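Below is one structure; the comments refer to it alone.
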Amino acid sequence: VILADEPIASLDPLNAKVVMDSLQDINLREGLTVVTNLHTLDTARTYCNRIIGMAAGKVVFDGPPEELNREAVRMVYGADSNGGEISEAITSTSVTIKQKIAASAGPLEPAFPGY
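Going by our numbering, the letters in the sequence shown line up with residues 123 to 237, in that order.
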């Protein structure tokens with residue numbers, strides 16, 4: 123299991139894509155589960171097959187990306203300061219590139235052999 127704590131926080135869209143493509147490559151190539159916390163819905167929808175949304179310390183959504191609808195987003199993010207709906211665009215870091223940026227570097231080697 124790989125735990126990635128906000129792996130793309132403060133990254134520009136291109137480098138966020140490099141990191142997420144790399145984590146996806148590790149998941150697919152090595153068969154390792156990747157658990158990450160993200161605050162960008164477009165990234166979660168693109169890379170995750172299961173999304174868990176939390177609000178006030180409680181799980182308010184748990185399901186596949188296609189079930190993350192407007193009501194689920196409202197439960198996670200609530201309303202804006204004027205009582206209006208939150209736009210998913212404010213959580214976006216998307217960049218459109220036709221191919222993956224990260225290249226496979228070969229098999230993973232443990233940092234500390236024997237663990």
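Note that beta-carbon positions come from the ideal geometry of N, C-alpha and C, so glycine has one too.
These numbers come from a predicted model, not from an experiment.
- One thing to note: A166 has its Cβ no nearer than 8 Å to the Cβ of P135.
- Bridge partners of T158 according to DSSP: A126.
- By the Cβ test, the segment 156-163 is in contact with the segment 125-134, since at least three Cβ pairs between them sit closer than 8 Å.
- Residue R172 holds the alpha-carbon nearest to the alpha-carbon of L190 among I148, R172, D147, G179.
- In this structure M142 is buried. Its beta-carbon is surrounded by 16 or more other beta-carbon atoms within 10 angstroms.
- In the displayed model, D147 falls within a helix according to three-state DSSP.
- Contact check for G175 and V198: beta-carbon distance about 4 Å, within the 8 Å limit, so the pair qualifies.
- Inter-residue distance for A131 and S144 is about 15 Å (C-alpha atoms, whole angstroms).
- Under the three-state reduction of DSSP output, D184 falls in the strand class.
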